[in-house]
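Protein chains in written order, with the working numbering: chain D, 1 to 359; chain S, 1001 to 1321.
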Amino acid sequence: MSEFDPNKAPVKRPFSLQLDLSKFEPATDAEKAQHETTRESTTFFRDGMRKLFKNPLAVGSMIVLVVILVTIIVAPMIVPYTYSGMITVNGKRDKTAKNLAPFTYSKMEQEAIDSGEKVFPHIFGTDELCRDYFIRVIYGARVSLSVGFFASLIVLIIGLLYGSIAGYAGGRTDLVMMRIVDVIYSLPDTLMVILLSVVLDQVLGQSLQGTALASIGTNMLSMFAVFGLLYWVGMARLVRGQILTIKNNEYVLAARAMGAKPSRIIRKHILPNCMSVIIISTALQIPSAIFTESFLSFIGLGVQAPMPSLGSLANAARQALQAYPYKLVFPAVGICLIVLSFNLLGDGLRDAFDPKLRK
Amino acid sequence: MSENRPLVDVRDLKEYFPVKSGMLNKMVLKAVDGVSFTIDKGETLGLVGESGCGKTTVGRTLLHLYKPTSGEVYFDGKLVTDKNIGEFRKDMQIVFQDPYSSLNPRMTVSDIIGEPLDIHHLYHNKKERAERIAELLTLVGLNSEHATRYAHEFSGGQRQRIGIARALAVNPRFIVCDEPVSALDVSIQAQIVNTFEELQQKLGIAYLFIAHDLLVVQHMSRRIAVMYLGKIVEIGSASDIINHPVHPYSQSLISAIPMPDPETARHKHRIILEGDVPSPLRMPKGCPFRTRCRFATEQCAQSCPSLTDRGNGRQVACHNM
């Protein structure tokens, strides 16, 4: 027997199951050092964001949304037309600029251009009341997006408060609160939205006269109210379900054993743990609110007359569909882009943050 | 007299849970049914019994995490009620069984350990808080640099230590250890058990040590209580219970301890119980253990035996032994 040499690999017998050490090589110093550096602490949020940015669809929809947002903020500053006023040339109303096709000019404008003046092009053409269509679509997108955001915000606040109280209190409180939710859930929502927006419009219209809120328009406010009154129930159910699951974790019991008050337990332990689900469902709520707003405007219950919204623009375009089809295309594409982007972003958020879908 | 007063005095503690079965049929699950014991300052009482016998519920009801159905808990001579439990939160703490669900995944270690400090305002400035957290981490054998990490970055044993550090943060005088080692593997178990013992020697904390591993309990405790279906059937000093169990249930439980020495194990007589544990919803009349007891008589079916003193601090609830 030769003496054992730790640096020399033993000979491997043909049928033995012993590992063939000759196939291994010692780790280099660099590799050893790599193992010693401890992994940087990563938070749940950062990890989720990293996953989100790896998702091409989510990134694409974020880019589209940013482009739309920048456009609707910047465009009214550059384009010299207003959404409610007729096109004017040298201070005179241009009655010839009716139903122009994109990038064409009316007779009066053509004359002005010929005499050496500069006229801003009508990117989307004009409508039948001689208003620039591009700026109307931009304002329409503004209205639709803000309705989407604020409605979701209202839904989020009401649903979060209601759901967390019901979920945390439990027992009889929960039972009563959730039966109320069931009742609201069982109402036909389209019908209720139409009824409420008709009723609220009149009620709010009188009480708001002269206040700062009047400038927003009673239609818009009544739309927020409708969303707030009807659509929070889904959020409340979701939050309650989340809280019921999280409440049974031992860390909540541990917090109680420490003497933490219920408000602290909800704030520090329960809400942070259901935040991802709430954010995702809010992101998915925005397109549905935009869609409902467009639908309401389409049937004439949305925002008030001179103020455009993507839905009301589409409705107006419908009447002259055969003569000027592009007028329907622009707002319709606008709605599609916004809704699709939010849906894809919401899906991406869910994939990145939902613990059940994580690999 | 105050020197002889027990730190924790539990008297006839009952915890019933309502259970619905069917539409109108309400039943009561007697998880804990009249449990009494005392724990002295700096002492460890082991609580053993099979799964589902109400050990954990005793620990949690004791701390008023569940509202007790009836019975009283005295801490240091003062009655603990729902109203004044806030005063006692600083003195009574709990370490949980599952190191995975007992730490909030969204909080860093320093937030987890710092939370009891925040709640009870136990520091004057940020620096003091950080120092205390580092001190606690060192106390339980963790690195103080771990404070900024999240709980999911640690192993089970390390997480359990974080849980212990959290319980220790308020300088408690009594800790309920709710199966603190059963979720860990054996090598880590030994470390954690030793940590508990060191802390007891250093800080003079009393423990209620709940476990189903009898060897761990024997190692840790001065006295042991054996539970069966929500009742304590035998209580006495650790060596008495392990070497000369009196109650037939304790006897079979003790005989199930695996012996490290095969020579001793060969001569040991293993008592194997027959039948299943009766459902706590349908408790047998009389002694709850009589359905599986070798010595059961008529008397056992008639009345439930109460704990009677057998000398040397031992109490047994059995008609026959």
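From the three backbone atoms N, C-alpha and C, an ideal C-beta is built for every residue, glycine too.
Of the residues the options, the one placed nearest residue i, counting alpha carbons only
i	options	result
R363 of chain D	D:L321, D:S164 and D:T245	For residue 363 of chain D there is no data in the structure shown, the boundaries of chain D being 1 and 359.
N1171 of chain S	S:D1111, S:A1183 and S:L1139	S:L1139
F150 of chain D	D:V329, D:Y231, D:K23 and D:Q18	D:Y231
T126 of chain D	D:P26, D:Y81 and D:V67	D:Y81
I135 of chain D	D:V226, D:F342, D:Q202 and D:P331	D:P331
I1162 of chain S	S:H1120, S:K1127 and S:P1116	S:P1116
V1095 of chain S	D:T245, D:G85, D:V252 and D:A112	D:V252
I243 of chain D	D:L145, D:L337 and D:I278	D:I278
A1167 of chain S	S:L1103, S:M1220 and S:H1212	S:L1103
L1029 of chain S	S:G1054, S:G1086 and S:L1007	S:G1054
V198 of chain D	D:K23, D:I78, D:T88 and D:G302	D:G302
DSSP-derived helix/strand/coil call for residue i
i	result
G1071 of chain S	strand
D1076 of chain S	coil
D189 of chain D	helix
V303 of chain D	coil
M1001 of chain S	Unreliable placement is indicated for M1001 of chain S, whose pLDDT of 41 sits below 50; the coordinate value is still reported in the next sentence. It is coil, neither helix nor strand.
Y1228 of chain S	strand
K1126 of chain S	helix
S1221 of chain S	coil
K359 of chain D	Unreliable placement is indicated for K359 of chain D, whose pLDDT of 43 sits below 50; no coordinate value is reported for it.
F53 of chain D	helix
M1092 of chain S	strand
A1183 of chain S	coil
Y1309 of chain S	Residue identity check: residue 1309 of chain S is Asp in the sequence provided, not Tyr. DSSP places D1309 of chain S in strand when its eight states are reduced to three.
T1056 of chain S	helix
S1051 of chain S	coil
Sequence-distant residues of the same chain with beta carbon closer than 6 Å to residue i, five excluded per side
i	result
V1233 of chain S	V1226, H1247, Y1249 and A1317
T282 of chain D	S152 and L156
Y139 of chain D	Y83 and P308
G48 of chain D	A352 and F353
V1080 of chain S	V1073 and F1088
G167 of chain D	R240, I243 and L244
Buried or exposed by the 16-neighbour rule on C-beta atoms within 10 Å, applied to residue i
i	result
C1293 of chain S	buried
L349 of chain D	buried
E1043 of chain S	buried
H122 of chain D	buried
P1262 of chain S	exposed
T1297 of chain S	exposed
L17 of chain D	exposed
N219 of chain D	buried
S1187 of chain S	exposed
F224 of chain D	buried
E1198 of chain S	exposed
Residue interval of the beta strand (DSSP E) (run including residue i)
i	result
L1045 of chain S	T1044 to V1048
K1014 of chain S	V1008 to K1020
T1038 of chain S	K1026 to I1039
F353 of chain D	Here F353 of chain D belongs to no beta strand (DSSP E); instead the alpha helix (DSSP H) covers Y326 to F353.
V143 of chain D	Premise fails: V143 of chain D lies in the alpha helix (DSSP H), Y133 to A169, not in any beta strand (DSSP E).
I1175 of chain S	F1174 to D1178
E1208 of chain S	One detail in the question is off: residue 1208 of chain S reads as Leu in this sequence, not Glu. L1208 of chain S -> beta strand (DSSP E) spans A1206 to I1210.
For residue i, the first and last residue of its enclosing alpha helix (DSSP H)
i	result
C1287 of chain S	C1287 of chain S -> no alpha helix (DSSP H), and no H or E assigned at all.
R1161 of chain S	G1156 to L1168
Y1249 of chain S	P1248 to S1255
S222 of chain D	T218 to L230
D1118 of chain S	V1109 to I1119
Y105 of chain D	No alpha helix (DSSP H) holds Y105 of chain D; DSSP gives it neither H nor E.
M1259 of chain S	No alpha helix (DSSP H) holds M1259 of chain S; DSSP gives it neither H nor E.
A257 of chain D	E250 to M258
Same chain, Cβ closer than 7 Å to residue i, five either side skipped, listed in chain order
i	result
L344 of chain D	L57, A58 and S61
S1303 of chain S	G1286
N1320 of chain S	F1295 and T1297
S1144 of chain S	A1134, L1137 and T1138
K95 of chain D	C130
R142 of chain D	I72
Contact test: residue i Cβ vs the ligand MN heavy atom, cutoff 7 Å
i	result
T190 of chain D	By its list of ligands, the structure shown contains no ligand whatsoever, and the ligand MN lies outside what it can speak to.
Any C-beta of chain C under 8 Å from that of residue i
i	result
N219 of chain D	Absence of chain C from the displayed structure is noted, the protein chains being D and S.
Own chain, CB closer than 8 Å to residue i, minus 5 neighbours either side, in chain order
i	result
I1192 of chain S	G1157, Q1160, R1161, I1164, P1180, V1181 and L1184
G1052 of chain S	V1277 and P1280
N1004 of chain S	none
Y1123 of chain S	L1117, R1129 and R1132
L238 of chain D	G159, G163, V277, I278 and S281
R256 of chain D	I265
H1269 of chain S	S1255
H1219 of chain S	V1193
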